[in-house]
Amino acid sequence: MSSWYFSHLTLIQGMLISIPLALSVQIALRSGVFSFASIGFYGIGAYGTGILTMRGWPVLPAMLLMIVASGVVAYLMSAPLIRLRGLYLGMVTFAFDLILTVVATNGGELTGGALGLLGVPLGMTTAGLVAAAVVAVLLVSQLERRAVGRALVGIKASEELVMSVGVDLRSRKRTVFAISAALGALSGSLYVSTFSTVSPTSAGFTLIITTLTMAVIGGTSSWIGAVIGTVIITWLPSLAATIGEYQHLVYGVVLVLVVMYAPEGVLGALRWLWHKVGPKKPAISTTGPPGRESVVAERVEEGLSR
Amino acid sequence: MTQQMINGAVLCAVYVLFSLGLTLSWGALDVLNLAHGALMMFGAFTAYVVTQHVTLPLPLLFVIGVGTAGVCTLLLDVIVFRHIRAKVADKKQAELLTLIAGVGAAGIPVTLAVAYTHDSPFGIGHLDWSSYSLGDGAHISTIQMLIIVLGAALCTALALWVSRTRTGRALRAVAFDGETAELMGVNTRALSAVTMLIAGSLAGLAGMLLVIYLGALTPGSGEPFMLKGFAIIILGSVGSVWGTAIGAVVLAATETVVISQTSGTWVDAISFAIILLVILLRPQGVVGKGLAERV
Chain S
388 MSSWYFSHLT
398 LIQGMLISIP
408 LALSVQIALR
418 SGVFSFASIG
428 FYGIGAYGTG
438 ILTMRGWPVL
448 PAMLLMIVAS
458 GVVAYLMSAP
468 LIRLRGLYLG
478 MVTFAFDLIL
488 TVVATNGGEL
498 TGGALGLLGV
508 PLGMTTAGLV
518 AAAVVAVLLV
528 SQLERRAVGR
538 ALVGIKASEE
548 LVMSVGVDLR
558 SRKRTVFAIS
568 AALGALSGSL
578 YVSTFSTVSP
588 TSAGFTLIIT
598 TLTMAVIGGT
608 SSWIGAVIGT
618 VIITWLPSLA
628 ATIGEYQHLV
638 YGVVLVLVVM
648 YAPEGVLGAL
658 RWLWHKVGPK
668 KPAISTTGPP
678 GRESVVAERV
688 EEGLSR
Chain X
56 MTQQMINGAV
66 LCAVYVLFSL
76 GLTLSWGALD
86 VLNLAHGALM
96 MFGAFTAYVV
106 TQHVTLPLPL
116 LFVIGVGTAG
126 VCTLLLDVIV
136 FRHIRAKVAD
146 KKQAELLTLI
156 AGVGAAGIPV
166 TLAVAYTHDS
176 PFGIGHLDWS
186 SYSLGDGAHI
196 STIQMLIIVL
206 GAALCTALAL
216 WVSRTRTGRA
226 LRAVAFDGET
236 AELMGVNTRA
246 LSAVTMLIAG
256 SLAGLAGMLL
266 VIYLGALTPG
276 SGEPFMLKGF
286 AIIILGSVGS
296 VWGTAIGAVV
306 LAATETVVIS
316 QTSGTWVDAI
326 SFAIILLVIL
336 LRPQGVVGKG
346 LAERV
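The listed protein sequences correspond, in order, to chains S and X.
Mapping of the first sequence onto the working numbering: position 202 corresponds to residue 589, and the numbering continues sequentially without gaps.
Mapping of the second sequence onto the working numbering: position 47 corresponds to residue 102, and the numbering continues sequentially without gaps.
1) How many Å lie between residue 286/X and residue 660/S at the Cα?
2) Please name the residues in the region 443–460 of chain S whose beta-carbon is closer than 9 angstroms to at least one beta-carbon of chain X, in chain order.
3) Roughly how many whole angstroms lie between the Cα atoms of residue 293/X and residue 328/X?
4) If I measure Cβ to Cβ from residue 634/S and keep anything under 6 angstroms in the same chain, skipping five residues before and after, which residues do I get?
5) Taking only three categories from DSSP, how would you classify residue 645/S?
6) Is the distance from the Cβ of residue 174/X to the Cβ of residue 274/X below 8 angstroms?
7) With DSSP as the reference, please indicate the residues paired to residue 664/S in a beta bridge.
8) For the region 133–191 of chain X, list the alpha helix (DSSP H) runs that are entirely contained and at least 4 residues long, ordered along the chain.
9) Is it buried or exposed for residue 663/S, if we count other Cβ within 10 angstroms and need 16 for buried?
10) Helix, strand or coil for residue 398/S? Go by DSSP, reduced to three states.
11) Identify the residues that DSSP records as bridge partners of residue 196/X: which are they?
12) Just to confirm the assignment, what range does the alpha helix (DSSP H) spanning residue 249/X have?
13) Taking DSSP as the reference, what is the three-state secondary structure of residue 331/S?
14) Could you run through the region 405–426 of chain S and flag, in chain order, every residue whose CB is less than 9 angstroms away from some CB of chain X?
15) Can you confirm whether residue 639/S, when its beta carbon is compared against all beta carbons of chain X, has any partner nearer than 8 angstroms?
16) Could you compute how far the alpha carbon of residue 647/S sits from the alpha carbon of residue 140/X?
17) How would you write the range of the alpha helix (DSSP H) that residue 299/X sits in, first residue to last?
18) Would you say residue 170/X reaches chain S, if we count a Cβ-Cβ gap shorter than 8 angstroms as a contact?
19) Cβ closer than 7 angstroms: which chain S residues qualify as neighbours of residue 138/X?
20) Residue 333/X: buried (16+ other C-beta within 10 angstroms of its C-beta) or exposed?
21) Could you tell me how far apart the beta carbons of residue 431/S and residue 572/S are, in whole angstroms, since I believe they sit closer than 8 angstroms?
22) For a contact defined as C-beta to C-beta under 8 angstroms, what are the partners of residue 156/X on chain S?
23) So the candidates are 245/X, 261/X, 135/X, 129/X; which of them puts its Cα closest to the Cα of residue 120/X?
24) Report all residues from its chain with a CB closer than 6 angstroms to the CB of residue 277/X; omit the five preceding and five following residues, and keep chain order.
25) With a threshold of 8 angstroms between beta carbons, is residue 321/X in contact with chain S?
26) First and last residue of the alpha helix (DSSP H) that includes residue 81/X?
27) Give every residue of the same chain whose Cβ lies closer than 8 angstroms to the Cβ of residue 455/S, excluding the five residues on either side of it in the sequence, and list them in chain order.
28) Please tell me whether residue 135/X has its Cβ less than 8 angstroms away from any Cβ of chain S.
29) Once the 5 residues before and after residue 191/X are set aside, which same chain residues still bring their CB inside 7 angstroms of it?
30) Thinking just about the alpha-carbon of each residue, which of 221/X, 149/X, 179/X is nearest to the one in residue 112/X?
31) What are the partner residues of residue 439/S, as DSSP defines its beta bridges?
32) Residue 549/S versus chain X: which residues are under 7 angstroms apart at the beta carbon?
33) Would the region 598–606 of chain S and the region 471–486 of chain S be scored as touching if the rule is three or more Cβ pairs under 8 angstroms?
34) Select from 211/X, 210/X, 246/X, 209/X the residue whose C-alpha is nearest the C-alpha of residue 221/X.
35) Under DSSP, the alpha helix (DSSP H) around residue 98/X begins and ends at which residues?
36) Looking at the strands, I want to know which residues DSSP matches up with residue 554/S.
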């Protein structure tokens, strides 16, 4: 067991680091916010924490500062952004990610240019990564359970409906945007203090593909989907050694296929199975995970008809 | 000064060709194809792979490069995007899935190119073009003239197609209201296929002209172009051919001035600055209509 653990340590660490990032994308998509911005904040978190710790900051304060700063900046940024129509938001946040690559490449000594930061002090234990992943999961899962999260599902189903029952749509979306950014920054900070390096390409286009694949393959309707997706995408390349340099091609194909044939992801398939073979329940239940969205949608509708 | 105007005009023509495809599919079909930049690179890359095996005349290489990008975009639409549009009734959800599928699809050509070239620049030769002196030290080469002429000609042709022809009118009808257009007898399937083929071919042409003009592209060359395409579209408003031309002129002129005044490393940041400025100062073009209106 322990020899297996040590020979797969990098993968385990990578998986734990990816969980907050996958969650950051999942929470945005779940709320119908077409935002890729958290990938950019991953870069900001990684570079920020790297630069601070290389200048003698202890890891934890540096990480906290970057996470809080990213959340606050994202909250401020979101004011003009969330007014944008769907595709425009996707485009602008995509552009945001790409421009950060340019900034990182041209940052001179501060960002280390095209090579990036090398020799960032290692300050993260695997236990710390586990703790961070657990905190991220708890945060997102609690958010989903509470009224905020349920209103967010409503945003995706029908914005008009949610607004009509008195939910402040704008502030909910801005909160999601900020949390998503903070999760992205957390993941980036974890990465740089575990692997001691970050380069402009680490937060570029391939990371967008990988993270989207993680979130979408698992299913964006719940945090469980993001975790399932992260586990699958982390272990897939090691199971099929032949993938090698074609890793991102496989991700691309998988992403397209999932979007086409199973937009609810693995989680959707599991739910479907659960409905088929699981215990029969009344169509509208007030508890339990299966079909929570439809329950919420119906509740919103009820509220509307009353 | 004259030299810089020529450089700016060449840049502008390439931007126009690239962005027209992006804005056409978005404006008419609500498809924001995030694989557009990757397919631009892939057209030129395919031509490069062919030159590694056989020697072909340049026009044939153009056919290969333009055709590859055009056909790949068409296939992407027929196999993936159309499937999503047909299956997902909710328009917003369909747009989101299309975005994600585009990102996934972009990974395929980029990975192939990275694997083949080991992530290094590739070119297809044909670098010796005769150059003409214009006085005051400025030169213009045949390839530069070709790029400028093609950019202007195709932009005009596309504008005329959209505004004057029967199919162009049908396209605008689809953009305005797809379902009603279909009820009026517009063959939306054929029209969307033609649109995507044109969009992809324009990207392929931009890629071919670039790889010859610059001498080389890299597998990642498509990404900064997406950034520029976004800026141009947001300046010129989605779906407008002349708007795209104006956006391209503004971006190319600004970039040319910045390159001549600074070391040029920040030039890609201009696109992002333009995007931010438009969103902050003139959001009317990009912000959704009031929700009450849409219900």
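Each residue gets a CB set at the ideal place from its N, CA and C atoms; glycine is no exception.
A quick look at the data gives this:
1) 45 angstroms
2) none
3) Going from the Cα of residue 293/X to the Cα of residue 328/X covers about 18 angstroms.
4) Answer for residue 634/S: 624, listed in chain order.
5) helix
6) Cβ distance < 8 angstroms, so residue 174/X and residue 274/X count as in contact.
7) As DSSP reads the structure, residue 664/S sits in no beta bridge.
8) With a minimum length of 4 residues, the continuous alpha helix (DSSP H) runs that stay inside the region 133–191 of chain X are 137–142, 146–172.
9) exposed
10) Helix at residue 398/S.
11) 186/X
12) 243–269
13) This structure leaves residue 331/S out entirely; chain S is present only between 388 and 693.
14) 416, 419, 421, 423
15) yes
16) 10 angstroms
17) 296–316
18) yes
19) At a beta-carbon threshold of 7 angstroms, the residues of chain S lying near residue 138/X are 647, ordered along the chain.
20) buried
21) 6 angstroms
22) 642, 643, 646, 647
23) 261/X
24) 92, 93, 95, 96
25) Residue-level contact check: residue 321/X touches chain S, since one or more beta carbons of chain S fall below 8 angstroms from its beta carbon.
26) 57–84
27) 569
28) Interface residue, yes.
29) Cβ-Cβ distances below 7 angstroms link residue 191/X to 57 in the same chain, with the five nearest sequence neighbours on each side left out; the list follows chain order.
30) 179/X
31) In the DSSP output, where bridge partners are listed per residue, residue 439/S has none listed.
32) Within 7 angstroms Cβ-Cβ: nothing; residue 549/S doesn't reach chain X, min ~10 angstroms.
33) no
34) Nearest option by C-alpha distance: 246/X.
35) 91–108
36) Its beta-bridge partners do not exist; DSSP assigns none.
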